[in-house]
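Numbering (the numbering used here), first residue to last: 3 to 355. Backbone N, C-alpha and C define an ideal beta-carbon position, used for all residues, glycine too. Structure first, commentary second.
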Amino acid sequence: MTFNTSDLTDFGWNAFFHSQLEFDDLQTTIPVRVMAVHRGALTVAGPGLDMQMPPLTPTAGDEESVATVGDWLLLDHETNRPLRLLQRKSLFKRQAPGTARRLQLIAANVDTLFIVSSCNADFSAARLERYLALAREADVTPVIVLTKADQTDTPEEFVRTASKLLPGVLVEAVDARDANSAACLTAWCGSGQTVALLGSSGVGKSTLANTLTGTSKIKTQGIREDDAKGRHTTTARALHRLPTNGWLLDTPGIRELQLTDAKSGLEDVFADIVALTETCRFSDCGHETEPGCAVRTAIEAGTLEVNRLKRWRKLVAEDARNTESLADRHARERTFGKMVKGIVKSKREQRKD
Ligand SMILES: Nc1nc2c(ncn2[C@@H]2O[C@H](COP(=O)(O)OP(=O)(O)OP(=O)(O)O)[C@@H](O)[C@H]2O)c(=O)[nH]1
Ligand SMILES: [Mg+2]
Ligand SMILES: [Zn+2]
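In structure tokens:
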């Protein structure tokens, strides 16, 4: 065997990944984890290895075939060339910003998502619901971390509002600069665990990463006083080693998390509304003017907030739009791929003639 699996455990390796290895892989490859994604380069590491490599070229029609931070890759043990991307335990993805309508992979093989927001103007139920849907879609445990608890007299109000967004969701209010305050988060940071920090710029993701890793190596920067917005200080996604033997992924602040392919995640987060829609008199009820609408009855009774209904409608429409455009594009890429193959084949045949 070319590698020792117990050394790999330190990097988050487990039976899920090991079971994907063929006998030959044990002889000829070494598994490495993608530790960071920079513009145009990946940093990969494993026992006794730490190197930069170019990003993987995606397979036509499969935008998920590129490697993202947290992924496991098999390298040829002689040449260090990447041979295979291992199947993921979890994957966060979004519709990339801009007009290109690309899919962007955020991170793979994460066990817990710390959804970071602050007890200030950054706090938004609508934004938290997006992140909760992302986590539920990926089957990753979400923990809502409300930073800057030291800057408000009423952190418990923020906690109460956040707790209502998903039954049973864990919410912690902390001063991200203070190790004692952040100690409540170490329960998720145990050996072999990977925890990701996601949230807007300036909410304190890197501050928290410094506190939890016990260093001050990661750059942080003050926010704008007037609107509490951050300055996009972190520019790369990188895994940091935790003293508790887990890994913490710090990421750049996200301006807008556009959901894609998150239908079941949304159904989980808005299970209360979905349950109501199932009891409307008409199965195709639009919850507008139809008689016997359980959703409107709940709003009139005060058991469903009209704003929550609006947020659900918006997210479901956005997800459907983005998911459809992705499916359309994949179909187009496949057709294009076939066309190219057809041209190559006919040229080859012409040459033979
Ligand atoms: N008082 C207080 N300040 C905090 C807390 N968390 C973060 N800060 C401050 O908020 C500012 C922004 O923190 P960062 O850690 O750089 O934020 P970030 O989320 O990493 O931002 P980006 O890298 O731009 O995405 C810094 O000045 C931190 O010191 C907190 O809990 N309490
Ligand atoms: Mg940062
Ligand atoms: Zn209805």
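Assign residue i to one of two classes, buried (16 or more other C-beta atoms within 10 Å of its C-beta) or exposed (fewer than that).
i	result
Leu28	exposed
Gln260	buried
Met37	buried
Thr4	exposed
Asn16	exposed
Pro33	buried
His234	exposed
Arg257	exposed
Gly248	buried
Glu307	exposed
Asn309	exposed
Leu51	exposed
Asn324	buried
Ala151	buried
Thr262	buried
Ala319	exposed
Gly14	buried
Given a cut-off of 7 Å on the beta-carbon distance, is the pair residue i and residue j in contact?
i	j	result
Thr149	Gly100	no
Val404	Arg239	The structure shown does not extend to residue 404, since the chain spans only 3 to 355, so no value can be given for it.
Gly194	Lys231	no
Ser92	Asp12	no
Gln54	Thr45	yes
Leu115	Ala184	no
Ala109	Leu251	yes
Phe366	Trp74	Residue 366 lies beyond the stretch modelled for the chain, which goes from 3 to 355, so this question has no answer here.
Ala178	Leu130	no
Gln89	Ala98	no
Phe125	Phe94	no
Ala264	Ala135	yes
Leu168	Val271	yes
Val297	Thr196	no
Pro157	Cys121	yes
Ser327	Arg132	no
Where DSSP assigns a beta bridge to residue i, which residues make up the other side?
i	result
Lys95	Leu107
Arg243	Trp249
Phe116	Val145, Leu199
Gln260	Gln97
Trp74	Arg35
Pro254	In the DSSP output, where bridge partners are listed per residue, Pro254 has none listed.
Arg86	Leu76
Contact check, residue i vs residue j under 8 Å by CB: the rounded distance?
i	j	result
Leu244	Leu214	6 Å
Gly267	Arg96	Rounded, the Cβ-Cβ distance is 12 Å, inconsistent with contact.
Leu87	Leu77	Not a contact, Cβ separation roughly 11 Å.
Cys191	Thr246	5 Å
What are the uninterrupted segments assigned as beta strand (DSSP E) that are 3 or more residues long and contained completely in the segment 5-71, given in chain order? 31-40, 43-48, 51-55
Could you tell me which whole alpha helix (DSSP H) segments of length 4 or greater appear in the segment 162-208? 181-184
In chain order, what are the residue ranges of uninterrupted alpha helix (DSSP H) at least 4 long that sit wholly in the segment 285-312? 296-303
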